[in-house]
Structures are given as structure tokens and as C-alpha cells.
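FYI, the numbering for the sequence shown is 278 to 767, going by my numbering. Where is the CB? At the ideal position from N, CA and C, for every residue including glycine. All of these numbers come straight from a predicted model, not from anything done at the bench. Below: one structure, written as C-alpha cells.
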Amino acid sequence: MELNQTSICYYDKRLDRIAACTETADTIVPDTFPDVGRVVCAYGTAAIKDQTPQSGRLLISGTVQAVILYEPEGGGLRRLTVPVSFAHIEECDGLDADAVCAVTCRTAAVDATAVNSRKLSVSVQLCFSIECYCKTECEITEDVALPGIQLRSTMQNVTLIEQARAYPVTVLDDITLQGAEGLSLLHTSCTMHVSECRAMRAKAVLKGEASVQCLALQEDGAVRVLSSSTPFTQIVELPEAEEGDSVHALVAVREADCRLEADGLLSYTVAASALLTLRRARGVRRIDDLYLPGRALQIQEEKTMLHSMPPLAPFSAEASEALQTAQHVSHIVSAGAVCCGAKRGADDALQITAAVQVLYLADDQQLCAMQRMLPLTMSCAAAGDVSQIELNARASSAGEKGMLLTVTAAGMASPGETLAFRHITAAEAGEKAAGREGVTLLLRYIDQERELWDVAKDCGATVDAIRKANDMAAEVSSVRNTMLLIPIQA
278 MELNQTSICY
288 YDKRLDRIAA
298 CTETADTIVP
308 DTFPDVGRVV
318 CAYGTAAIKD
328 QTPQSGRLLI
338 SGTVQAVILY
348 EPEGGGLRRL
358 TVPVSFAHIE
368 ECDGLDADAV
378 CAVTCRTAAV
388 DATAVNSRKL
398 SVSVQLCFSI
408 ECYCKTECEI
418 TEDVALPGIQ
428 LRSTMQNVTL
438 IEQARAYPVT
448 VLDDITLQGA
458 EGLSLLHTSC
468 TMHVSECRAM
478 RAKAVLKGEA
488 SVQCLALQED
498 GAVRVLSSST
508 PFTQIVELPE
518 AEEGDSVHAL
528 VAVREADCRL
538 EADGLLSYTV
548 AASALLTLRR
558 ARGVRRIDDL
568 YLPGRALQIQ
578 EEKTMLHSMP
588 PLAPFSAEAS
598 EALQTAQHVS
608 HIVSAGAVCC
618 GAKRGADDAL
628 QITAAVQVLY
638 LADDQQLCAM
648 QRMLPLTMSC
658 AAAGDVSQIE
668 LNARASSAGE
678 KGMLLTVTAA
688 GMASPGETLA
698 FRHITAAEAG
708 EKAAGREGVT
718 LLLRYIDQER
728 ELWDVAKDCG
738 ATVDAIRKAN
748 DMAAEVSSVR
758 NTMLLIPIQA
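Listed below in C-alpha cells is the structure:
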């Protein structure tokens, strides 16, 4: 007996989810600051300092710079910064210390409450988009060589991630913004968009753009939106890559450090991590069934699962929601949204939980903020699970006291599937089948449609012998309403 075993080594996606945690902190208003009259709004910029995979879990830690904009009792606007540390543990079976991970941390909501005129209580809700890959080895049996054995198999095409690596990416830029003199930064958000990821021989080329959006406070208390983008190109070593290979990049921002000088010079440094995955398609023979005519077949085997992951496909979807406000909305200053959860619903529905924050002016030019957690349902025709979701929000005044919010989702869809294969460790012939001594030919009527394979297996024959005895063509695989001559294997 000889077993044709195939050893497969690939990277399995062990973790792909959106997780959340909430951190709190209390702060005393500095002596040089006036008393708190009304909290207008609060924002947070998160920076990941450490992400460490361990056996069965991922440790994530960092700091959120929470910025609170408040109105003193005497009028005007003041800006107060409160650092809030965070530490999150994400449990995951099968994760190990060598896992390759990409983590993006976004501030979903910041709530600031005045305990009294000199003390603030701050609560920060964070959302983590996490992907982790672990190197996996498995054995698959593609053939069994045993005299007389009958084996039916199918060639299965699978796409496996043969390599996953993480690389640091840094983008720096200095831009002089017209009319930005004397502004102070209130909030900064940064996203990294990949426009091209191409494999060369032993290398990969990564191109994209870092987009930075800032909220800035003017001396007169007005809030402005500043934005800038910087293209980047990075060539990384990928020894396993060949020209034309399918390579995908997920760029996760770890930290964005922005400074706005008094003369309007915006300087920013974006530190990110690029997780590159190299996919290759291959054929693997799957044993569907096997038997030994006339004898019992004793098999020892295990089930091997392969996660086939075809190349990702981009998708976009959109949903609108009418929201009520406490005042009439005169002007929208800014609108933002963070994805806190996503799942596929019935048909083409995509159900997203979005943390939305809108900054707007009322009729009396008072600055107001609205912060909501919204369940949204979007139509998404892309097949498979969705990941790497970025949300964009825009809002407009609607009605006497309300606004119309439109949220656009963009991400990647993967029609991956889990395939089962057999890993046979031992196979040997058992005792002869009882009850058919001296019988060499059966006559059986087949009324309902049956495959010849099933007939042959039940009767201790072979498909080829049945075809030959009944003058059947080679392409005949099933029969019905037929009398069959079935030669029995001796």
C-alpha cells in the first residue's frame, strides 16, 4: 500500500474582525484655563504604540489624544487636550506569536461631561479593525495505491496565501496652507489608500496616497476644515514574488503626528504598517470516495480544511438617514463616520453599525455637535465577506430641525470558501465480504436513478466491469429503469 501525500504550507487568516473597547479618564481644568460652561464637542486621535500577538490572543496598546472644545462661562471657545491610554486584548483561538497582523485603531466617539466647572470626565470608544495571518502546514492524500482499490477523486482549484509579511511605511510632508495663519488644530484623521500593488521578481511595488483631514480652530472661535494628501511609493523585498503574481496590500495607520505652525505651515508624519499577501492558485486532488470490491477497506484518516482565498474585489455601498436635531441646522461644518461593525444580511444587504459625528452651526451661529451610533443597511452586490471598510459621511440641513446624513462605505470583498480534503494515514484490505460465496454475477433492476459508482460499491463490483457487461459507453455515469448485469469481484 502506498499513499500519495501532499504537504501544503500557506498562511491562514485566523482573525478578521472589528473589535471595540472603552477607556475613561478624569481631568482637572488647568489653572490658566477659564471655568467650563458648556462642552461643545470632543474628538480623539488614536496612536497605536504596540501590537503583540501571543498564543491565543493579540495585545494592542496606545494613547488617544482627546481634544475637548468647550465654551467658558464668559463666552468664546477654548481647547483642552486630555491624553487617554488604552490597552485591549483580543482573544483568538489558533493565533500564535509569529502571526502577521495589521491593526487600525479609530476613535468612534468621545464623550466629555463636566463634573463641575473645573473637572471633566472623558470616555473614549475605540474601534479596532484587525487582520491576522498564521503560517499553517497540512497534509492531503491525493491518491492511494492498493491492488484492486477503486478511487474516485476531483481536481479542486484553490487559491492560497503563500506569503504574508508586514513592512513599515512612513509618509512625511510640509505644506503651507493659505489663510491658515493663527489656527490651532482641534482634530486630525488620516487614511492611507493603495492605488497599485504589483509584484516584481523578488520585490513588490506599493503606490498610494496618504490623506490627512484636520479640524482647526480660528481665533474668533470658528472651526475650519483643512485637508491635504501626499502620494507615496515604496519598493519592498518579497523574495517569494514572481512577475505577475497576485499581491494585495493592506495599509494600517498606526500614528499620525500633525503640527500647524503660526505661519500656516502644516507638517505631518504618518507612520503605518503595510501587510502584503501573495496569493497563488493551484490544483489539489480531492479523494471523494474509495472502496475495495469484495473486501472491507480499513482506513485511518483525518479531515484537512483548506481556506481558499481568491483575490479581493473592491466594493462600495451607500445609505442615507434622516436625523433630528435640537436646533435648526444653519451650516454643516464637518461630518465623519467610523465603522464599528459589519455583516452580510439577506440577499445583497450589508448591515453596518456606524459611529457618526456631525459638527454644525445653529441659526444663532452657535457651534453644536451631534454624535450617534447608527445601524445602516446598504445594498452590496459584491460576493463574499467584507473587510477593510472605510466610511465617508456628508450631511445637509433638512426640515425645521433635522439633517440628511449620507454614509458611503468602501472596502474589499472576498468570496473565500473552506474546502475539506482527506488525509489518509493508513489503508489496508480487510476480510472478504460474507454471503456471496460462489456468486460471480448479479442481475438487478434499477428503478430510480443511481450513479454507477454507488451500484458498483454496494455490490462489490467495479464501474468498468458493469459498463463492459452491459455494453455501456464510457461516458455513462448513472442509470434508471434498467436491468443490470453486475459482475462480482472474486
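Member of the options whose CA lies at the smallest distance from the CA of residue i
i	options	result
Arg671	Ser691, Ser611 and Ser461	Ser611
Met689	Phe592, Met477, Thr739 and Arg621	Phe592
Ala658	Gly613, Asp640, Ser691 and Leu681	Ser691
His798	Val615, Asn669, Glu578 and Lys678	There is simply no residue 798 to check, as the chain begins at 278 and stops at 767 in what is shown.
Leu537	His464, Ser488, Arg478 and Gln601	His464
Ala493	Arg721, Tyr320, Thr299 and Glu279	Tyr320
Pro541	Ser754, Gly560, Ile452 and Asp566	According to the sequence shown, residue 541 is Gly rather than Pro. Answer by Cα proximity: Ile452.
Ile576	Met582, Leu583, Leu567 and His584	Leu567
Ala590	Ser597, Ile666 and Thr602	Ile666
Ile701	Ala324, Cys535, Val528 and Leu574	Leu574
Leu543	Ser332, Glu496 and Ser461	Ser461
Ala391	Met586, Gln342 and Ala302	Ala302
Leu254	Gln725, Thr685 and Met760	Residue coverage of the chain in this structure runs from 278 to 767, which leaves residue 254 outside it and unanswerable.
Met655	Arg562, Ser674, Lys620 and Cys491	Lys620
Pro652	Leu696, Glu598, Val663 and Val740	Glu598
Asn434	Ala746, Ala751, Ala710 and Ala697	Ala697
Arg383	Ile325, Val344, Gly351 and Pro360	Ile325
Pro588	Val663, Leu569 and Lys745	Val663
Gly676	Val684, Val359 and Thr602	Thr602
Leu569	Tyr287, Leu354 and Val740	Val740
His470	Gly485, Ala457 and Ala481	Gly485
Ile763	Asn747, Gly351, Arg757 and Gln495	Asn747
Gly314	Met432, Asp497 and Gly353	Gly353
Gly613	Ser585, Met586, Val606 and Met650	Met650
Within 8 Å, strictly: CB atoms of residue i and residue j
i	j	result
Leu782	Arg334	Because residue 782 is not part of the residues shown, which for the chain are 278 to 767, the question remains open.
Ala523	Ala379	A small fix is needed here, since residue 523 is Ser in this sequence, not Ala. Cβ distance not < 8 Å, so Ser523 and Ala379 don't count as in contact.
Cys409	Leu372	yes
Leu483	Ala441	no
Glu439	Glu519	no
Cys617	Ala297	yes
Met278	Glu595	no
Val317	Leu644	yes
Ala529	Thr304	no
Arg563	Leu437	no
Ala374	Gln331	yes
Leu583	Leu555	no
Arg727	Ser754	no
Asp289	Thr413	yes
Ala343	Val361	yes
Cys467	Ala533	yes
Gly707	Arg559	no
Asp686	Ile629	Here residue 686 turns out to be Ala, not Asp, going by the sequence shown. Taking 8 Å as the Cβ cut-off, Ala686 and Ile629 qualify as a contacting pair.
Glu578	Arg721	no
Val500	Leu668	no
Whole-Å CB distance - residue i paired with residue j, under 8 Å assumed
i	j	result
Thr309	Val401	The pair is not a contact, with the Cβ atoms about 24 Å apart (cut-off 8 Å).
Arg291	Ala376	7 Å
Pro349	Pro311	4 Å
Val341	Thr322	7 Å
Leu553	Val489	Actually they do not touch by this definition, with Cβ atoms about 24 Å apart.
Thr447	Ala548	6 Å
Gln604	Ala639	4 Å
Ala710	Gly693	Their Cβ separation, rounded to whole angstroms, is 42 Å, which puts Ala710 and Gly693 out of contact at 8 Å.
Tyr545	Asp641	About 35 Å; that fails the 8 Å criterion.
CB contact below 8 Å: residue i versus chain C
i	result
Asn758	This model lacks chain C altogether; it includes just one protein chain.
Threshold first: 3 residues or longer. Then list the beta strand (DSSP E) segments lying entirely within the segment 526-589, N to C. If only uninterrupted beta strand (DSSP E) runs of at least 3 residues are considered, those enclosed by the segment 526-589 are 542-568 and 572-585.
*Does the segment 424-433 touch the segment 733-743, meaning 3 or more C-beta pairs lie closer than 8 Å?*
Put simply, the segment 733-743 touches the segment 424-433. At least three CB pairs are less than 8 Å apart.
(message) If we require 4 or more residues per run, which alpha helix (DSSP H) segments fall completely within the segment 666-740?
(response) Here the runs fully enclosed are 729-736.
Evaluate the contact criterion for the segment 625-632 versus the segment 651-665: three or more CB pairs, one atom per stretch, below 8 Å. These segments touch.
Quick one: any contact between the segment 279-291 and the segment 405-420, if contact means 3 or more CB pairs under 8 Å?
The segment 279-291, when compared against the segment 405-420, does touch it at the 8 Å Cβ threshold.
Does the segment 493-506 come close enough to the segment 473-482 to have 3 or more Cβ pairs within less than 8 Å?
Fewer than three beta-carbon pairs drawn from the segment 493-506 and the segment 473-482 are found closer than 8 Å, and the two stretches are therefore not classed as touching.
Segment contact flag, the segment 386-397 with the segment 678-687, C-beta cutoff 8 Å, min 3 pairs: Contact fails: fewer than three Cβ-Cβ distances are below 8 Å.
Ignoring anything shorter than 4 residues, give me the alpha helix (DSSP H) runs that lie fully in the segment 344-372, in order along the chain. If one requires a minimum length of 4 residues, no alpha helix (DSSP H) run lies completely within the segment 344-372.
Exercise for review: Just list the beta strand (DSSP E) runs in the segment 583-648, keeping only unbroken ones of 3 residues or longer that don't cross its boundaries, in chain order.
Suggested key: Here the runs fully enclosed are 590-601, 606-621 and 626-639.
- prompt: In chain order, which beta strand (DSSP E) runs of at least 3 residues are fully inside the segment 472-530?
  reply: Note on the segment 472-530: whole beta strand (DSSP E) runs with a minimum of 3 residues are 480-494 and 500-514, in chain order.
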